[in-house]
Structure formats: C-alpha cells, structure tokens
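Undergrad: After the structure tokens below, expect a handful of questions from me.
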Amino acid sequence: VNITLKKPGSKLEHQGIKIEFIGQIELYYDRGNHHEFTALVKELARPGELIPNTTYAFEFLNVEKPFESYTGSNVRLRYFLRVTIVRRLSDVVKEVDIVVHTLSCYPDMNNSIKMEVGIEDCLHIEFEYNKSKYHLKDVIVGKIYFLLVRIKIKNMEIAIIKRETTGSGPNTFTENETIAKYEIMDGAPVRGESIPIRVFLAGYDLTPSMRDINKKFSVRYYLNLVLMDEEDRRYFKQQEITLWRKGEKTRKNIQSATSPQLPHLVSGGENLIPAHNHNSEPKSASGTIEDMKRDLDEEENSPNSTDACSTNVTADSMDE
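This note's numbering numbers the first residue of the sequence shown as 4 and each following residue consecutively.
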C-alpha cells in the first residue's frame, strides 16, 4: 500500500491504518444491506503521524474465495481490498476490486440430452444435444428429427437464455436475458427430416452456472427451441444446460539447461575411452592403442579383477 500526501513536507495525524479483504453480495433492490461472506482485517499502522510517500506491506494467506465474481441485472458478487485511514472527523477510504474465477473440471461422464416433444396428432419432434455440461469455450452440437409434421412450420430457431433469480419468497425476482439466437431452419419440414445444430459459445459473454449462491441468487442457462407456424403461433421447449469455466492451458517454453554435456561414444578405436578402471580418472580421448593395451594388461594382473564370463550364481545366493 503506497500512501502519498498532496502537499509535500506535510504530515497527517491518524488514529490507525488498516486493510481489509472483503467478499460480499449486493442486491440492487436492497442496496442498503450488503451481505458479506468473507472478511479479513490487517492493521498496517498504529495511531500516529503519516509522512509523505509511505509504503506498507501486507499479505493475506489462504484466503477462502468460494464463489466466482459476478455482475448481473439485479445482483453483484465482488471481492475487493479496502484501505482505511481512520481520522477523527472523516475516514479516508480507498477500494480496489479483485476478479475471482472459479475453475472446474467435470468428469468424463457427461450424458447427452435426448427428448421427444410435440403436439398430439399434429407435431412430433425429437431433439438431441451431445452433452449436458459445456465449458465456456465449448461447442453445442445436436440434431432435431421430425417424426410427425401435420402443421405448416414456417421457421425454427434456437436461443441461449440466461435466467437470473435473486431473493427468496415474496421478494424473488427473475430476469431472463437472451444471450444468442440462431435461425436453424427456414421453410416447412417433412417427416423424417433431420436438422443439425452447431452453436459456438466462445463468442459470448457467459458465466458459469451458479446455484443458490450463499442462499441469495442463482444463474442458470437454457437452450430454447422455438418453432413458428404460418399463423405466427410459437411452439417452444426449454432444456437446462450447465456451463463451467475451464482452466486455460498455458504453453511453457522449455529452455535447455546449461549443464555439461556427456561425452559422445565414437566407434573409432582411437577415440574410444576405456571405462574399466572406475577408481582412476578417465583417460584422455587422445591416448594411443599401446596405452590401452597396457591398461588392459594391468587389469588382468590385478587380484581384484573378476572374469564376468566365469562367475557362477548358485541358488543359495538368490533371494526368493
């Protein structure tokens, strides 16, 4: 924390300086009450005089951040640092927001969505989506099958709807927002026709699905399939999907360490380094063939030398 006084050479009397790490939920219809779920305080300075260009170091270890930062239509969840210089008349307060992302990793079990809907004796369709849980950069892939068509369909579209629910009981507020809308069919379909669906999520400002966050709000996402007939009547079916934030993969440039390189083994007789004498320093690669023969003779005459080919291993010396 860097504190600078406007007038150089001046001093400021204070009753103490503190820094707070706060996580809170703000409901827009109840702005007077902020619901804090995380609050940590550290004292930076005791009462005294503040001189210009003063720096205070601070650290919050193992801070619990259970929820992701979120700003919606009726609610805001935020984390921030607040520095307070306590004075007799009025405190000096400065806040800095911190954005928190909650990374998730779903298991391989991610069942597809398959459902049959329609109007009795008029329209019968079957839609299928490849998954029920998608990360924020994922692609929704699916198909729609027309099993029975007895009404004149004019077009069909699919939309991603975000539903934000705040409060509880009589003070419950629901806000629906259409994130994206695609027309996937134009014209009348026939029985047995299949319409493919492919929606890319990366281009939209999405958040992970949130369920009953601190018993204050929820954020859910739905795929809304809408059919319109020639009389402008609309038929729709909503299906909830789960969105989650995937950890970004960072590419690390692996640089070679400046460690000494191992000598290369060359097949030429003049450059072969003998390795039979482990107790002595390695011979120079520039030795002659006569030096190598002399070293081999010394090893054969040594009482500690063993012939690997004549070593017998008995059953008594082996562990079961």
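Beta carbons are placed, not taken as given, at the ideal position from N, Cα and C, and that holds for glycine.
As the structure is a computational prediction, the values presented were derived from the model and not from experiment.
1. Sort out for me which residues DSSP pairs D189 with in a bridge.
2. Could you name the residues that DSSP lists as bridge partners for F176?
3. Under the assumption that L126 contacts Y238 (Cβ atoms under 8 Å), give the Cβ distance between them as a whole number of angstroms.
4. With DSSP as the reference, label D235 as helix, strand or coil.
5. By the DSSP assignment, the beta strand (DSSP E) with Y138 in it spans what residues?
6. Of the choices R91, K68 and R34, whose alpha-carbon is the least far from that of R79?
7. In chain order, what residues of the same chain lie with their CB nearer than 7 Å to the CB of E16, ignoring the 5 residues before and after it?
8. Note down, one range per segment and in chain order, each beta strand (DSSP E) of at least 3 residues found wholly within the region 70-101.
9. How would you write the range of the beta strand (DSSP E) that V142 sits in, first residue to last?
10. To the nearest angstrom, report how far apart R91 and L8 are at their CA atoms.
11. Whole-angstrom Cβ separation of G26 and Y73, contact assumed at under 8 Å?
12. Please list, in chain order, all residues of the same chain as I54 whose beta carbon is under 7 Å from its beta carbon, the five residues on each side excluded.
13. Just tell me which of T168, G75, V95 and E71 has its CA closest to the CA of Q18.
TA: With the given structure in hand:
1. The residue labelled residue 189 in the question sits at position 186 within the sequence shown. Partner(s): N158.
2. The sequence position of residue 176 within the sequence shown is 173, counting from 1. Beta bridge pairing from DSSP links F176 with T169.
3. Sequence index remark: in the sequence shown, residue 126 carries index 123 (1-based). Sequence index remark: in the sequence shown, residue 238 carries index 235 (1-based). Contact flag correct, Cβ pair sits at about 7 Å.
4. On the sequence shown, residue 235 is found 232 positions in, with the first residue counted as 1. Reduced to three states, the DSSP call for D235 is coil.
5. Looking up residue 138 in the sequence shown gives position 135. The sequence as given places His at residue 138; Tyr does not occur at that position. Residue range K136 to H138 is occupied by the beta strand (DSSP E) that includes H138.
6. For the purposes of this step, residue 79 is identified with residue 76 of the sequence shown, where counting begins at 1. Comparing Cα-Cα distances from R79 to each of R91, K68 and R34, the minimum goes to R34.
7. Counted from its first residue, the sequence shown places residue 16 at position 13. These residues qualify, in order along the chain: E52.
8. Restricted to the region 70-101, the beta strand (DSSP E) segments that are unbroken, complete and at least 3 residues in length are 78-88 and 95-101, listed in chain order.
9. Walking along the sequence shown from the start, residue 142 turns up at place 139. Per DSSP, the unbroken beta strand (DSSP E) holding V142 starts and ends at V142 to V152.
10. Mapped onto the sequence shown, residue 91 falls at position 88. Mapped onto the sequence shown, residue 8 falls at position 5. Linking R91 to L8 through their CA atoms gives a straight-line distance of about 18 Å.
11. Within the sequence shown, the letter at position 23 stands for residue 26. Within the sequence shown, the letter at position 70 stands for residue 73. Rounded, the Cβ-Cβ distance is 11 Å, inconsistent with contact.
12. Locating residue 54 in the sequence shown gives position 51, counting from the first residue. Same-chain partners within the cutoff: K14.
13. For the purposes of this step, residue 18 is taken as residue 15 along the sequence shown, with counting starting at 1. Ranking the options by Cα distance to Q18, first place goes to V95.
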